[in-house]
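Line order of the protein sequences matches chains E and F. Be aware that the first sequence starts at -4, since it is given in this note's numbering, and climbs by one per residue. Be aware that the second sequence starts at -4, since it is given in this note's numbering, and climbs by one per residue. All residues carry an ideal CB built from backbone N, CA and C; glycine is no exception. Bear in mind the structure is a predicted one, so any value in this text is a computation, not a measurement.
2 protein chains.
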Amino acid sequence: MAGLAGRALDAALSKAGARVAAADERLTDSRRRVLELLLKAGGPVKAYDLIAAYGQGGAKPPTVYRALEFLERLGFAHRLESLNAYVACPRSGEVHAAAFLICECCGATVEIEPGVADRVERAAGAHGYSLRGLTLEARGLCPACRTGDGH
Amino acid sequence: MAGLAGRALDAALSKAGARVAAADERLTDSRRRVLELLLKAGGPVKAYDLIAAYGQGGAKPPTVYRALEFLERLGFAHRLESLNAYVACPRSGEVHAAAFLICECCGATVEIEPGVADRVERAAGAHGYSLRGLTLEARGLCPACRTGDGH
DNA sequence: CTTTCCCTGTTACGGTATAACATCCTGAGG
DNA sequence: CCTCAGGATGTTATACCGTAACAGGGAAAG
Ligand SMILES: [Zn+2]
Ligand SMILES: [Zn+2]
Ligand SMILES: [Zn+2]
Ligand SMILES: [Zn+2]
């Protein structure tokens, strides 16, 4: 799944550490470990799979959910609502509205930037709403699954 | 929550019955009952609240989840992924990509049509994906909650 | 040193959803 | 009428997802 490994992984983690420090927060062991697992996976991972993969005596659910909440808050990860899963953000550390393409066949996801914020903002305004966050998840078939190469 | 009642509710249910028949499907008792509960509520409802409200000797989870799946498939209801809740569609019976404004304070929701399908379609194409469904959920504050009239 | 604040560990629980299988109903065809 | 096939439901049990509540620890400020 195009996950990171070796030096690229180390570099990503170092960079994350710097960004976290710049935000006056702490990249603690459990936060760093969960981010590492997400980066290695290179795709959506379920919370309980993170718990199982955590290693080192394991982790209990609250540990992992707290780390995920932190990573999401700082822009290192996103939650995929329609999959109950989490994924590392390729723009690690920039908080932003995320949008995803999700393959219904193999589960592959791509983070996209369709540029819809302005239209949603306008629709919100028309109903008197102020906008504070946006979830966009598109379901479809990835190139491999369209041609039968899936799985 | 602007739910339907009395004649308006009966009319909506009759219309649903006709649409279902036109699609060569059946609006069975449990499906009709769940749709009725969603229409009465006039807003998002949790599956287990539907189960509790079902009455008539009650319903077990699979009964209600099956009805919800059916209603979603035929365009009578949508699932709100970020709330784990379900809501009747004001365009009952037209299958379409739904988009929602959700108040973070009071939970009020509005179904909108921001017209973003074209842009998402283009982004999907750029990644080789074919598009088959779209979930858009915007979080913010409704007019009442913005001015402190909430709750 | 002590206070404060944040982060963590642990237990236990509640909410969400589905698997698996038996049963029943309905409508088409003989 | 009878039978058969497909879809819908009933039932039990279980798996999965997420959080409440409280105790403990560690760094940094005063
Ligand atoms: Zn992102
Ligand atoms: Zn695929
Ligand atoms: Zn709708
Ligand atoms: Zn509100």
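Spatial neighbours of residue i in its chain, beta-carbon cut-off 6 Å, leaving aside the 5 residues before and after
i	result
LEU22(F)	GLY12, VAL15
THR58(F)	SER25
ALA94(E)	ILE107, PRO109, LEU131
Distance CB(residue i)-CB(residue j) smaller than 8 Å
i	j	result
ARG134(F)	GLU99(F)	yes
LEU66(F)	ILE97(F)	no
PRO39(F)	ILE46(F)	no
ALA103(E)	CYS137(E)	yes
ALA62(E)	VAL29(E)	yes
Straight-line Cα distance separating residue j from residue i
i	j	result
ALA72(F)	ALA6(E)	46 Å
ALA42(E)	GLU76(E)	12 Å
GLY145(F)	VAL90(F)	Note that GLY145(F) has pLDDT 47, beneath the 50 cutoff, so the model's placement of it is unreliable and no number is given.
LEU8(F)	ALA139(F)	31 Å
SER87(E)	GLY70(E)	6 Å
LEU129(F)	VAL111(F)	10 Å
ALA158(E)	ARG74(E)	Past the boundaries of the shown model lies residue 158(E); chain E is included only from -4 to 146, so the question cannot be answered.
SER125(F)	ARG141(E)	8 Å
ASP19(F)	ARG117(F)	34 Å
GLU64(F)	ALA119(E)	28 Å
ALA17(F)	LYS10(F)	11 Å
LEU50(F)	CYS101(F)	The sequence as given places Gly at residue 50(F); Leu does not occur at that position. Distance between the alpha carbons of GLY50(F) and CYS101(F) is about 27 Å.
ALA121(F)	ARG68(E)	29 Å
GLY123(E)	VAL115(F)	25 Å
TYR60(F)	ASP113(F)	32 Å
Residue i CB to nearest heavy atom of ligand 2 below 7 Å
i	result
LEU136(E)	yes
ALA54(F)	no
ALA119(F)	no
ALA103(E)	yes
Closer than 7 Å: residue i CB and nearest ligand 6 heavy atom
i	result
CYS140(F)	Because ligand 6 does not appear in the structure shown, any question about it cannot be addressed here, the ligands present being ligand 1, ligand 2, ligand 3 and ligand 4.
Any non-hydrogen atom of ligand 3 closer than 7 Å to residue i Cβ
i	result
ARG214(F)	There is simply no residue 214(F) to check, as chain F begins at -4 and stops at 146 in what is shown.
HIS91(F)	yes
Proximity test, residue i beta-carbon vs ligand 4 heavy atom, cut-off 7 Å
i	result
ALA(-3)(F)	no
ALA6(F)	no
ALA133(F)	no
ALA214(F)	Absent from the model: residue 214(F). The displayed extent of chain F is -4 to 146, so no value can be given.
CYS100(E)	no
Beta-carbon contacts of residue i that lie in its chain and below 7 Å, excluding the five residues immediately before and after
i	result
LEU33(E)	VAL40, ALA72, TYR81, VAL82, ALA83
Residue i: CB within 7 Å of a non-hydrogen atom of ligand 1
i	result
GLU106(E)	yes
HIS73(E)	yes
At which residue ranges does the stretch 25 to 91 of chain E contain complete beta strand (DSSP E) runs of 3 or more residues, listed in the order of the chain? Entirely contained in the stretch 25 to 91 of chain E, the beta strand (DSSP E) runs reaching 3 residues are, in chain order, 72 to 75, 80 to 83.
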